[in-house]
Each structure stands twice: as structure tokens, then as C-alpha cells.
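>
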Amino acid sequence: MSDHDHGHHHPREASEVELRARALEALLVEKGLVSTDAIDAVVELYENDVGPQNGARVVARAWVDPAYRERLLEHGTEAIAELGFGGTEGENMVVVANEPRVHNMVTCTLCSCYPWPVLGLPPTWYKSPPYRARAVAEPRAVLTEFGLELPDHVEVRVWDSSAEIRYLVLPMRPAGTDGWSEEQLAEIVTRDCMIGTAVPVAT
Amino acid sequence: MDGVHDMGGMHGFGAVVEPGSEQPYHERWEPRVFALHLLVSTERLGAGPGGRPTREEMDPAEYLEASYYERWIWSAERRLERAGTIVPGEVEAMMERLRSGADAPRQDDERLARRTLTALRDVEQLDPATSARFGAGDRVRVRRMRPPGHTRCPRYARGVAGTIERVHGLDALPDLAVYGRETAAEPVYSVAFRSADLWGAGDEPPFTVLLDLWESYLEPA
Numbered sequence: 074m075s076d077h078d079h080g081h082h083h084p085r086e087a088s089e090v091e092l093r094a095r096a097l098e099a100l101l102v103e104k105g106l107v108s109t110d111a112i113d114a115v116v117e118l119y120e121n122d123v124g125p126q127n128g129a130r131v132v133a134r135a136w137v138d139p140a141y142r143e144r145l146l147e148h149g150t151e152a153i154a155e156l157g158f159g160g161t162e163g164e165n166m167v168v169v170a171n172e173p174r175v176h177n178m179v180t181c182t183l184c185s186c187y188p189w190p191v192l193g194l195p196p197t198w199y200k201s202p203p204y205r206a207r208a209v210a211e212p213r214a215v216l217t218e219f220g221l222e223l224p225d226h227v228e229v230r231v232w233d234s235s236a237e238i239r240y241l242v243l244p245m246r247p248a249g250t251d252g253w254s255e256e257q258l259a260e261i262v263t264r265d266c267m268i269g270t271a272v273p274v275a276t
Numbered sequence: 185m186d187g188v189h190d191m192g193g194m195h196g197f198g199a200v201v202e203p204g205s206e207q208p209y210h211e212r213w214e215p216r217v218f219a220l221h222l223l224v225s226t227e228r229l230g231a232g233p234g235g236r237p238t239r240e241e242m243d244p245a246e247y248l249e250a251s252y253y254e255r256w257i258w259s260a261e262r263r264l265e266r267a268g269t270i271v272p273g274e275v276e277a278m279m280e281r282l283r284s285g286a287d288a289p290r291q292d293d294e295r296l297a298r299r300t301l302t303a304l305r306d307v308e309q310l311d312p313a314t315s316a317r318f319g320a321g322d323r324v325r326v327r328r329m330r331p332p333g334h335t336r337c338p339r340y341a342r343g344v345a346g347t348i349e350r351v352h353g354l355d356a357l358p359d360l361a362v363y364g365r366e367t368a369a370e371p372v373y374s375v376a377f378r379s380a381d382l383w384g385a386g387d388e389p390p391f392t393v394l395l396d397l398w399e400s401y402l403e404p405a
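Line by line, the protein sequences are chains A and B.
Quick note: the first sequence uses the numbering used here, first residue 74, plus one each step.
Quick note: the second sequence uses the numbering used here, first residue 185, plus one each step.
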């Protein structure tokens, strides 16, 4: 318990944590080591430009372009870069395709590893103990919480991203989307579809 | 390190889907801590192992009690202290100043902002594994171990046999590399495990868990 002298008190009030976060930023800004606009820029990047809308474009392209789909499954990082996406936490991308008898889902039991360039920052549940504990041990029970019931003959494949490889699930294109444009298709590809806790539906 | 962060298979944490759990964060300070942490790395303001292995050093009760980005504050502070960038007590002193109404300093540096965004675009792929010990389809067993420091070999797979699914590329063994120790890059594999081999017969139909493991973690089965 050597770190208890660093000013944490139990239970911590939300406002205390916020104050601590503000103080740490203020301290480094005052020392001239970081700048306010650099922090703003990173926050805005993941709020506006980098998020699941990127991954959705990758999926939609794979649905309409069989040659792209093949490249995507063979060389994920390069194929994703064709659409202009890449960078930190997306250096080694592997895309895994759902099939009629295979359903993929992704977790990180040790940490919270997640493909930032295509999905942005992970949702709270992805980083929290229940998902990290249960996804590898009772995936169907977890999927049921998300409202996804898979037939027994479907093999669930859970990818625990314990190394520097980041995974993206390529869901199956749902029925009822014939003739849809790539943009229309991208709209039904949600973040959870690409983590594997949901499947796209034609709406 | 066999800490509480190694959660695969644990019981008792409750439901995954909770009100608000869809959001990446809930308070404005959280993405700012994320960004700050990133800058500590890109501007090399910290020392010791990176943010992740540092967070694994947290007292286990504190780790579970802290929210996600609270852990990031903790690891940022430890890394900054280890580099001498800040000294213990400085954050608390600044908290007192802010509490008594002082304005938080604001300082812009366009070049630093640009440099940070550029660093986020850097892509460094693993080198291809030209001479891997195992190939797709080979049976392997995860070694039994109890590493005192950082590792990427979770407890739930140790001693269990699986099948090599894919050879990814070469990467330095994190168990040594995060502490700055010399280590040759070695192959990383996806290894497929049958649910029954990991957990015994359970309530669910058989499923497969695929785990990325360094060659040092594996032996022939």
C-alpha cells in the first residue's frame, strides 16, 4: 500500500478526482511541458474525426467490393489505410469475418486494447471488469445482455487481444440491403457490430 | 504479474451492460487525462515501464475501486515522478491552489499540438516472422509460470494446450522489453483454445478463444 501517501482518500469524491486531473494538467502546462491546445487537439480528434464511422466505411466497402474484402482479410492494416485510416493502436490490424456458422467477438482481458483508428476510444463496458472477465468464459451469456442470441450451431470465436495486434470484426451484410449505396450500408454498421457484440440489421 | 488486472474468467463483477456503459467517458476531464497521458509518452516526460505496466502496479483494491481514467491519472503521476518531472506533493499543492480559486494556467503551442497529432499517425508494423518455431496447425501448450513483472500471458491459459491459428510477426517480449531490458524480437502467434480445455464443460455450447502469445510462452504439446 505504498502509494496511499499520494493523496487518495476513500471513498474518492468525483469532484476530487476531477480536481486532481485538472491539477495534473495545470502543473505540466505551468512547467511548459505540455500545452493546452495539444490536449484540446487530441480530445477533438477522437470526438470528431476518429470513431466507429471510420470502421463502418471499411465494412461497407468490403460488402460492395469483393476484391477489397479479400485485401482486408489478408492485409488488414494496408487495406484500412486505403481509406485513409491508421495510426496508434491500429498498426497491426487483423480483420476477422463473420460467416453463417462463425461469430467473432473481441476483448482484452488484461487491459483495454482496442483499434483506435477505426473505432475511436472504447466504450466503458469494454474496459470494465465484467466484460474483461466474462467474454472469454461465457461469451453467449454476455451476448445475451446485448440482445444477441445466436443459434447453437454457430461457433463463437473470442479474440483476446493480448499482444500488439488489434482486431476488427467484419459482420455479415444483412438481408434486405440489396442495391443500397455504400453510404447507406455504412450507416447500419454500429460500433458494437465491429466489436462483435451486435450484428447489423437493415432498418 | 499475476495481478487483479488479469481478469479473464473471474466471477463476481456483475453485468456488462449498465446504464451509461455505452459511452467512452462520462466527464470532461476523462478525455483530457487520456490526452495528457499520451503527451507524457510522446514528449518523453515519464520514466519506468509504460502506462499499462505501471497501472498493473496499483494496489489491487485501489485498482478495482478506481474508475478507468483514474487509473490513468495514477500511472501518469508515477511515470512523471520516476522521471523527476514532478515531485511527490506537487499535484496536491496545485489542487490546493485550484481549490482556493486560482485560475488554471493556459498555454498554447501550435507546434506541439501538430507534433502530437503527427505522432498519432505513426505506423510501425511488426516485422514478418521468417523463422518461426511453430506453424499453423501445430499443437502447443502454454508454459506454467508466475512472472513477477509485466506479462501478456494471462493466467487462464497457462498449462492449457491449443492450436496455432496464425503466425503474426516478430515482437520483443514485453516481459523484458517494458523494463528496457535487451531481448530479441520473437514470433507472436494466435493460439486457438477449445472452451472445454480452458474451463471444463460449461453451460454454453463449445466455443473457441484465440489468444495472442509470444513464442517464449509456448512449448510443443
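Using N, Cα and C, we set each Cβ at its ideal position, and we do this for glycine too.
Do you know how far the Cα of A:L145 is from the Cα of A:E151?
Along the first sequence, read from residue 1 onward, the residue named residue 151 of chain A stands at position 78. Along the first sequence, read from residue 1 onward, the residue named residue 145 of chain A stands at position 72. Cα to Cα, the separation comes out at about 8 Å.
> If you measure from the beta carbon of B:R473 to each beta carbon in chain A, is any gap under 9 Å?
The question about residue 473 of chain B has no answer, for chain B in this structure spans 185 to 405.
> B:M191 CB to nearest chain A CB: under 9 Å?
Taking the second sequence and counting its residues from 1, the one referred to as residue 191 of chain B is at position 7. Output row for B:M191: interface = yes.
> Given this structure, state the Cα-to-Cα distance separating A:V274 from A:R142, to the nearest angstrom.
Taking the first residue of the first sequence as position 1, residue 274 of chain A is located at position 201. Taking the first residue of the first sequence as position 1, residue 142 of chain A is located at position 69. Taking the straight line from one Cα to the other gives about 20 Å.
> Return yes when the Cβ of B:A313 is within less than 9 Å of the Cβ of B:P358, no when it is not.
Locating residue 358 of chain B in the second sequence gives position 174, where the first residue counts as 1. Locating residue 313 of chain B in the second sequence gives position 129, where the first residue counts as 1. No, they are not a contact pair.
> 9 Å is my cut-off, CB to CB: does A:E39 come that close to chain B?
It is not possible to answer for residue 39 of chain A, since the shown part of chain A is limited to 74 through 276.
> When DSSP builds the beta bridges, which residues end up paired with A:N177?
Within the first sequence, numbered from 1, the residue matching residue 177 of chain A stands at position 104. Paired residue(s): A:R230.
> Identify each residue in the region 388 to 400 of chain B for which the Cβ-Cβ distance to at least one residue of chain A is less than 9 Å, and report them in chain order.
Going along the region 388 to 400 of chain B in chain order, one finds E388, P389, P390, F391, T392, V393, L394, L395, D396, L397, W398 with a Cβ nearer than 9 Å to chain A.
> List the residues that DSSP assigns as beta-bridge partners of A:M166.
Taking the first residue of the first sequence as position 1, residue 166 of chain A is located at position 93. Partner(s): A:R239.
> To the nearest whole angstrom, what separates the beta carbons of B:R317 and B:E399, a pair I think is in contact under 8 Å?
Counting from 1 along the second sequence, the entry for residue 317 of chain B is found at position 133. Counting from 1 along the second sequence, the entry for residue 399 of chain B is found at position 215. Between B:E399 and B:R317 the Cβ distance is about 6 Å, and since that is below 8 Å, they are a contact.
> Applying the criterion that 16 or more other CB atoms from any shown protein chain within 10 Å of the CB defines a buried residue, is A:P84 buried or exposed?
Against the first sequence, residue 84 of chain A aligns to sequence position 11. With a pLDDT of only 49 at A:P84, under the threshold of 50, the placement of this residue in the model should not be trusted, and no figure is reported.
> Residues of the region 326 to 356 of chain B in Cβ contact with chain A at a cutoff of 9 Å, in chain order, please.
Against chain A - using a Cβ distance shorter than 9 Å - the residues of the region 326 to 356 of chain B are T335, R336, C337, P338, Y340, A341, R350, H352, G353, D355.
> One question on the structure: do A:N165 and A:R230 come within less than 9 Å of each other, judged by their Cβ atoms?
Here the question's residue 165 of chain A lines up with position 92 in the first sequence. Here the question's residue 230 of chain A lines up with position 157 in the first sequence. Result no, Cβ atoms of A:N165 and A:R230 do not sit closer than 9 Å.
> My parser needs the alpha helix (DSSP H) runs of 4 or more residues fully inside the region 93 to 163 of chain A; what are they?
Correct list: 109 to 117, 125 to 137, 139 to 147, 149 to 155.
> Using a Cβ-based criterion (distance less than 8 Å to any ligand heavy atom), does A:I153 qualify as near the ligand ZN?
Annotation note on the ligand ZN: not contained in the displayed structure, which lists no ligands.
> Taking contact to mean 3 or more Cβ pairs, one atom from each stretch, closer than 8 Å, check whether the region 275 to 293 of chain B and the region 318 to 337 of chain B are in contact.
Not touching, per the Cβ criterion.
> Quick check on DSSP: helix, strand or coil for B:F318?
As a first step, residue 318 of chain B is located in the second sequence; it is residue number 134 there, counting from the start. DSSP places B:F318 in coil when its eight states are reduced to three.
> Residues of chain A with CB under 8 Å from B:S205, in chain order?
By 1-based counting over the second sequence, the position of residue 205 of chain B is 21. Those within 8 Å of B:S205 in chain A are P196, T197, W198, S201.
> Give the residues from the region 150 to 176 of chain A that approach chain B closer than 7 Å (Cβ to any Cβ), ordered along the chain.
From the region 150 to 176 of chain A, only T150, G159, G160, T161, E164, N165 have a Cβ closer than 7 Å to chain B.
> Does DSSP classify B:L304 as helix, strand or coil?
Residue 304 of chain B sits at position 120 when you count from the first residue of the second sequence. Reduced to three states, the DSSP call for B:L304 is coil.
> Would you report the Cα separation of B:I348 and B:G192, rounded to the nearest angstrom?
Here residue 348 of chain B corresponds to residue number 164 of the second sequence, with the count starting at 1. Here residue 192 of chain B corresponds to residue number 8 of the second sequence, with the count starting at 1. Between B:I348 and B:G192, the C-alpha separation is close to 20 Å.
> Report the residue from B:D355, B:A368, B:G346 whose alpha carbon sits nearest the alpha carbon of B:E380.
As a working note, residue 380 of chain B is residue 196 in the second sequence. The sequence as given places Ala at residue 380 of chain B; Glu does not occur at that position. The shortest C-alpha separation from B:A380 is found at B:G346.
> Kindly identify the DSSP beta-bridge partner or partners of B:D355.
Against the second sequence, residue 355 of chain B aligns to sequence position 171. Paired residue(s): B:E370.
> Going by DSSP, name the residue or residues bridged to A:T250.
Taking the first residue of the first sequence as 1, we reach residue 250 of chain A at position 177. A:T250 pairs with nothing; no bridge assigned.
> Which partner residues does B:T392 have in the DSSP bridge list?
Here residue 392 of chain B refers to the residue found at position 208 of the second sequence. Partner(s): A:R230, B:R378.
> Which of helix, strand or coil does DSSP assign to B:R281?
Here the question's residue 281 of chain B lines up with position 97 in the second sequence. In this structure, B:R281 counts as helix in the three-state DSSP scheme.
> Which chain B residues sit within Cβ distance under 8 Å of A:P212?
What you label residue 212 of chain A is simply residue 139 of the first sequence in a count that begins at 1. Residues of chain B passing the Cβ test: E388, F391.
> Name the chain B residues whose beta carbon is nearer than 8 Å to that of A:C266?
Here residue 266 of chain A refers to the residue found at position 193 when the first sequence is read from its first residue. The premise fails here: A:C266 is roughly 14 Å from chain B at the closest Cβ pair, so nothing lies under 8 Å.
> Counting only C-beta atoms, is A:L145 closer than 9 Å to chain B at any point?
As a working note, residue 145 of chain A is residue 72 in the first sequence. Closer than 9 Å: no.
> Name, please, each residue of chain A whose Cβ falls closer than 7 Å to the Cβ of B:P194.
Within the second sequence, residue 194 of chain B is the residue found at index 10, counting from 1. Checking the sequence shown, residue 194 of chain B turns out to be Met, not Pro. By Cβ distance, chain A contributes A206.
> Taking DSSP as the reference, what is the three-state secondary structure of B:G193?
Counted from its first residue, the second sequence places residue 193 of chain B at position 9. Here B:G193 sits in coil by DSSP.
> On a Cα-Cα basis, can you pick out the residue from A:S185, A:H226, A:Y187 that is closest to A:E303?
What is shown of chain A runs 74 to 276, which leaves residue 303 of chain A out entirely.
> So, helix, strand or coil for B:G273, using DSSP?
Your numbering for residue 273 of chain B matches position 89 in the second sequence. Three-state DSSP puts B:G273 in coil, outside helix and strand.
> Under a CB-based cut-off of 9 Å, is A:R134 close to chain B?
Taking the first residue of the first sequence as 1, we reach residue 134 of chain A at position 61. Not an interface residue.
> Under 9 Å Cβ-Cβ, which residues of chain B neighbour A:T263?
Your numbering for residue 263 of chain A matches position 190 in the first sequence. Simply none; closest approach about 10 Å.
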